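Take a look at the structure set out below.
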Amino acid sequence: MVCKLFAVILAVAVCAGVAFGQPIPIQRCFESPSSWSGFFFRVDYSSGQSDRGYIFYNRTEFRLMYSFESRIGTPDIDKHWLFYNTRKSYFYDENANTCEVEDIPPNEFIPTFGSPRGSEFIHYDRLGAYSFNLGVTVDYFRLRTDSGGTYRGYYSPLYESVATDFMCVPVIESYENIDTIPTHQRNIHWTYMNITTDPIPPFIWELPTACRERN
Numbered sequence: 039m040v041c042k043l044f045a046v047i048l049a050v051a052v053c054a055g056v057a058f059g060q061p062i063p064i065q066r067c068f069e070s071p072s073s074w075s076g077f078f079f080r081v082d083y084s085s086g087q088s089d090r091g092y093i094f095y096n097r098t099e100f101r102l103m104y105s106f107e108s109r110i111g112t113p114d115i116d117k118h119w120l121f122y123n124t125r126k127s128y129f130y131d132e133n134a135n136t137c138e139v140e141d142i143p144p145n146e147f148i149p150t151f152g153s154p155r156g157s158e159f160i161h162y163d164r165l166g167a168y169s170f171n172l173g174v175t176v177d178y179f180r181l182r183t184d185s186g187g188t189y190r191g192y193y194s195p196l197y198e199s200v201a202t203d204f205m206c207v208p209v210i211e212s213y214e215n216i217d218t219i220p221t222h223q224r225n226i227h228w229t230y231m232n233i234t235t236d237p238i239p240p241f242i243w244e245l246p247t248a249c250r251e252r253n
């Protein structure tokens, strides 16, 4: 009886969407490409700090790197490599020529940069302007936890089509009072821009001498 009732409700919903000319949106985004790079802007509401720079990502080789731009008035550039294959994290201060090396916790895995497991696909959305190709169409996902946290993610298909695209790049990720791994994501907002899937130059992954000496 329950199954029949569900089938009737589903059929009515589909028919209603067709009748009113508003087809039910289909999720297009499932995961990011295995390798990409781009510009990021990050706001950490817990610490009251923000930073920006470049991100380089290679899921096949289990590598992630952030290159932070200099803040105004300080000619300082910081770089952070995370090598998930060796479980090592290197944070390099270029101005001081120092390197901090830490072990990546065993329960922390390389990010997939796709909608988190358990998140709900809400609908299509439009970020930015609607004209002159200044905006971007995205899939909007939301995750609410039992502890009261909320995750919101906006992902843009690599290729706009009427079919399922599967591969999407992140545009906005927002964590609000949510317990995540790594835990520093608890209250943080990410914006990604100018993402490209062009090959990442090999020198991006080369550690400076100060970090190699710490191995």
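For the sequence shown, my numbering begins at 39 and goes up steadily by one.
Every residue, glycine too, gets a C-beta built ideally from N, C-alpha and C.
Everything numeric in this text was worked out from a predicted model, so none of it was measured.
Rounded separation between residue i and residue j - CA only
i	j	result
Asn-135	Ala-248	7 Å
Cys-100	Tyr-122	Per the sequence shown, the amino acid found at residue 100 is Phe instead of Cys. Using only the alpha carbons, I get a separation of about 5 Å.
Gln-87	Arg-80	9 Å
Phe-94	Met-103	5 Å
Trp-152	Ser-70	A small correction: the amino acid at residue 152 is Gly; Trp does not occupy that position in the sequence shown. Going from the Cα of Gly-152 to the Cα of Ser-70 covers about 6 Å.
Glu-158	Asn-133	43 Å
Arg-250	Arg-66	42 Å
Asn-225	Glu-211	11 Å
Met-205	Pro-143	28 Å
Arg-125	Asp-217	21 Å
Ile-62	Gly-191	20 Å
Ile-160	Ile-115	39 Å
Asp-141	Pro-154	24 Å
Gly-187	Asp-82	15 Å
Ile-64	Val-139	44 Å
Phe-44	Gly-166	Because the pLDDT of Phe-44 is 31, which lies under 50, any placement of that residue in the model is unreliable, and the number read from its coordinates should be weighed accordingly. Taking the straight line joining both Cα atoms gives about 38 Å.
Glu-146	Tyr-197	31 Å
Phe-179	Asn-232	21 Å
Lys-117	Asp-177	31 Å
Thr-235	Phe-78	15 Å
Leu-48	Phe-68	Caution is warranted here: a pLDDT of 34 is assigned to Leu-48, below 50, making its placement in the model unreliable, and no coordinate value can be reported.
CB contact flag (residue i, residue j, <8 Å)
i	j	result
Pro-195	Tyr-230	no
Tyr-162	Thr-175	yes
Leu-181	Gly-156	yes
Pro-237	Tyr-130	no
Ser-73	Asn-96	yes
Among the options, the one whose alpha carbon lies nearest that of residue i
i	options	result
Phe-241	Pro-144, Ser-105, Asn-253, Asn-232	Ser-105
Gly-76	Ser-85, Gly-91, Pro-63, Ile-64	Gly-91
Ser-84	Ile-233, His-227, Thr-235	His-227
Asp-89	Val-139, Glu-107, Leu-165	Glu-107
Glu-214	Asp-184, Trp-243, Ile-233, Tyr-197	Asp-184
Asn-253	Thr-98, Cys-137, Lys-117	Cys-137
Pro-149	Thr-98, Phe-179, Thr-234, Arg-164	Thr-98
Range covered by the alpha helix (DSSP H) that runs through residue i
i	result
Thr-247	247-250
Residue i - containing beta strand (DSSP E), residue span
i	result
Ile-226	226-234
Glu-69	67-69
Item to check | Complete beta strand (DSSP E) runs within the stretch 82-133 (minimum length 3 residues, chain order) | outcome: 87-96, 101-106, 116-121, 126-131
Next on the checklist: If we require 3 or more residues per run, which beta strand (DSSP E) segments fall completely within the stretch 138-223?
Outcome noted: 158-165, 174-182, 188-195, 204-214
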